[in-house]
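Numbering (full-length UniProt numbering), first residue to last: 1 to 178. Note sheet for the following structure.
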């Protein structure tokens, strides 16, 4: 190889490597700023009502994956009820999704005994948990803005003070946009 070819290859590498790095960083930054949308899924509530996630458009939604045998899930239910009652009139909804392994009779009994006021579905086929980043750990919650974009994912029990701050901010922003 002559010196001209070697010099050209060296210059080319010095140009291509930084450009490739810049492109990769830009693609990563773009993907991080794009919020995932809530998947469009049909489901049946434990009351037998047919629903679709599109029915929740325009609302801030907390999708909570839980199980009746999950201590953290049960511990957060009273605060989840209070949060639902506090914010529902302002456009907030809870979709509680019981896991496929949770017996439906236990879910119905728990819901009735505790007067759960929000939408409850049993993910018997695993379709919902699969569409939401393949949830396997409970409790896991997703908070979606009014456009159905995931704005927060919480694995483990919810910090309700932080959740209320987020809801207040989202609702204030939507009121400004009205």
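Even glycine gets a Cβ: it sits at the ideal position worked out from N, Cα and C.
Between residue 94 and residue 148, the C-beta spacing is not below 9 Å. Distance check between residue 57 and each of 102, 86, 92 places 92 closest, using alpha-carbon atoms only. Under DSSP, residue 64 shares a beta bridge with 96, 141. C-alpha of residue 50 to C-alpha of residue 75: approximately 29 Å in a straight line. Taking a cut-off of 8 Å for Cβ pairs, the segment 34 to 49 and the segment 143 to 163 touch, as three or more such pairs fall below it. Taking the Cα of residue 114 as reference, the smallest distance to any Cα among 79, 171, 127, 143 is reached at 79. Buried is the label assigned to residue 96, since at least 16 other Cβ atoms lie within 10 Å of its Cβ. Residue burial annotation: residue 87 is buried, with at least 16 other C-beta atoms found within 10 angstroms of its C-beta. With 16 or more other CB atoms across the displayed protein chains lying within 10 angstroms of its CB, residue 110 is buried.
Nearest to residue 63 by alpha-carbon distance, out of 72, 53, 174, is 53.
Residue 153: not part of any alpha helix (DSSP H); member of the beta strand (DSSP E) spanning 150 to 155, first to last residue. Across the set 105, 42, 47, the C-alpha of 47 shows the shortest separation from the C-alpha of residue 117.
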